[in-house]
Amino acid sequence: MKYNDYLWWHKGVIYQVYPRSYKDSDQDGVGDLRGIIEKLDYLKELGVDAVWVSPIYPSPMADFGYDVSDYTGIHPLFGNMGDFDDLLKEVHEREMKLILDLVPNHSSNEHPWFRESRSSKDNPKRDWYIWKDPAPDGGPPNNWLSVFGGPGWEYDEATGQYYYHAFLKEQPDLNWRNPEVQKAMLDVMRFWLEKGVDGFRVDVMWHMVKDDQFRDDPPNPDYNDKMNSYSRKIPAFSTDQDEVHDIVHKMRRVIDDYDERLLIGEIYLPISKLVRYYGEDNRGAHLPFNFQLLQLPWDAAKIEAAISEYEGALPEHGWPNWVLGNHDNSRIASRVGKEQARVAAMLLLSLRGTPTIYYGDELGMEDVEIPKEKIQDPQALNEPGVGRSRDPERTPMQWDDSKNAGFTTGEPWLPLMENYRELNVEKQWSKEGSMLQLHRKLLELRAKEPALHIGKYNPVPSNGNLLAYLREYEQEKFLIVLNLGASEEIFEPEFQWQGTVKIATHTELEGEKLNQKITIAANQGLLIKLD
Ligand code: NOJ
Ligand code: MG
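Using this note's numbering, the final residue of the sequence shown is 531, and nothing's skipped along the way.
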């Protein structure tokens, strides 16, 4: 591909905003659209290119917006359509892109479609959801489970059938085998695309189609009782069915009717299955989210092997992407520690492929322990003890050292991290050596250097807990050396090299000229421009 054939989403960096927690403009304790607008200058200066906002649609909030009751509206908690239009305009004025979260697998049980569907067995929308007769013993039709605990089937007294819900019973799954459902949801996509939205992150893409024979999922031989109840089975028949690829392709065709729009899929699958979502001839999702950095042990050899496996599995012209954090997983600074989080940031922003940054990770925010009585997440409340709470990674963004870190003057919907008086955007912005400054530098250099945003990736075999690779474009070469461990390592590759440190996790090394054999301190990362 020629340089000019690369589009904004190949070259750019995505930033995820969890809208409830970003910035509250009306002081009700919950972030909102006007709040995001207030912070667009920050995002622009930080150096990200696209903002993905988690769901902002009308919703009873059983799953904090992932239970949508109107796909083409705005929840009053977040603002109104006028606010949304302003947000889109303001994002575009800053030459950034706006990506919405699309939740097509399930709606809210309060969506008018579901209300109709459940009203009677012969309602025209009955088949829009997944209804089945009870098993002969009166129990659920098969053994499919809910990700959030318990059976995936809910009995409906009024009509004597069960409906399927992969998540909460308040989130009934739509029947994507029904052409009317397909048309309705593709029209939803068009509605937002017509407004000028730049793309979608599609929620649980791999769940969208289920086995048409409703066969039982097999037991998981690796299950133990410390795991959540969903792990009892392998979702072989309830997820990732071949037919899902036809649906993804249909979504892509809608996207392709517009200019340079982006289709991202949320997919938690092993690499071999994940890459199928690029579609035949790359006519599926542009970016099936690659969650390996969320899941792998923090070990250089394992991560290097995974990068190579992924690079090797990508279809021709399939573009890679990397995710370090999101609203469903423990924050990187808590998973690998504050020191390693800096190395992780350098990894994310120097790998080949579109990076997605989770809000607050650029500051080094950590998981916040939430007192029992303040837990909000249904995943935790449904299965106390085994269902992991996602609240700790969803706490308010830390803007300054005023009350509630400048997030709200009201009562924040989740408590803040205690350290916010120090760890906030205002204090860290120009502080030498801060995590925020590291992000700013990495983003700036990545945007400037083709080798970093589209260049080739070549691993450099190295010792111990070192992860090293080259990024190359035409004559430009960067060498990245990351120490993923807490002890010193020696780096001495087989080829001859010399260069200048452009960015270092420990800033005193920046500008140094290095060559051949170097010592890499614990938790250190170097981004070196080769001569
Ligand atoms: C994935 C979303 O990221 C998560 O937050 C949500 O609970 C489930 N899908 C259900 O929509
Ligand atoms: Mg608010």
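Glycine included, every Cβ here is placed at the ideal spot set by N, Cα and C.
- Spanning the alpha carbons of TRP113 and LYS169 requires a straight line of approximately 15 Å.
- Non-local beta-carbon contacts of ILE357 in its own chain, meaning distances under 6 Å to residues more than five positions away in sequence, involve TYR15 in chain order.
- Residue pairing of GLY199 in beta bridges, as defined by DSSP: ILE99, LEU262.
- When secondary structure is reduced to three states using DSSP, PRO58 falls in the coil class, being assigned neither helix nor strand.
- Take the alpha-carbon of ALA313 and the one of THR408: they are about 45 Å apart.
- Assignment of ASP173 by DSSP, reduced to helix, strand and coil, places it in the strand class.
- Under a 10 Å Cβ-count criterion, LYS210 is classified as buried, with 16 or more other Cβ atoms of the shown protein chains found around its own Cβ.
- Counting only the Cα atoms, GLU489 lies some 16 Å from LEU509.
- Here SER59 really is in contact with ASP67; their C-beta atoms are around 5 Å apart, less than 8 Å.
- Counting other Cβ atoms within 10 Å of its Cβ, PRO378 reaches 16 or more and is therefore classed as buried.
- According to DSSP, LEU514 shares a beta bridge with GLY499.
- Taking the CA atoms as reference points, ASN143 sits about 46 Å from ILE454.
- Residue state for HIS439 is assigned as helix, using DSSP reduced to three classes.
- Less than 8 Å divides the Cβ of LEU479 from the Cβ of GLY499.
- Sequence-distant Cβ neighbours of LYS441 in its own chain, meaning closer than 6 Å and more than five residues away, are ILE503.
- ASP63 has its Cβ nearer than 7 Å to a heavy atom of the ligand NOJ.
- No heavy atom of the ligand MG is found nearer than 7 Å to the CB of SER59.
- Cβ contact annotation for GLY337 (same chain, cutoff 6 Å, sequence separation greater than five): none.
- Taken in chain order, the complete beta strand (DSSP E) segments of 3 residues or longer contained in the segment 296-349 are 321-323.
- Remark: the shortest separation between the CB of ASP328 and any heavy atom of the ligand MG does not fall under 7 Å.
- Rounded to whole angstroms, the Cβ separation of HIS317 and ASN282 is 5 Å, and the two are in contact under 8 Å.
- Cβ contact annotation for SER117 (same chain, cutoff 7 Å, sequence separation greater than five): ASN123, LYS125, ARG126, TRP128, TYR129, in chain order.
- Beta-bridge partners of TYR164 (DSSP): TRP153.
- In the three-state reduction of the DSSP assignment, PHE478 falls in the strand class.
- Assigned with DSSP and collapsed to three states, VAL17 falls in strand.
- In this chain, the beta strand (DSSP E) harbouring TYR469 covers 466-473.
- With 16 or more other Cβ atoms inside 10 Å of its own Cβ, GLU362 counts as buried.
- About 19 Å separates the CB atoms of VAL343 and ASN290; that is not less than 8 Å, and the two are not in contact.
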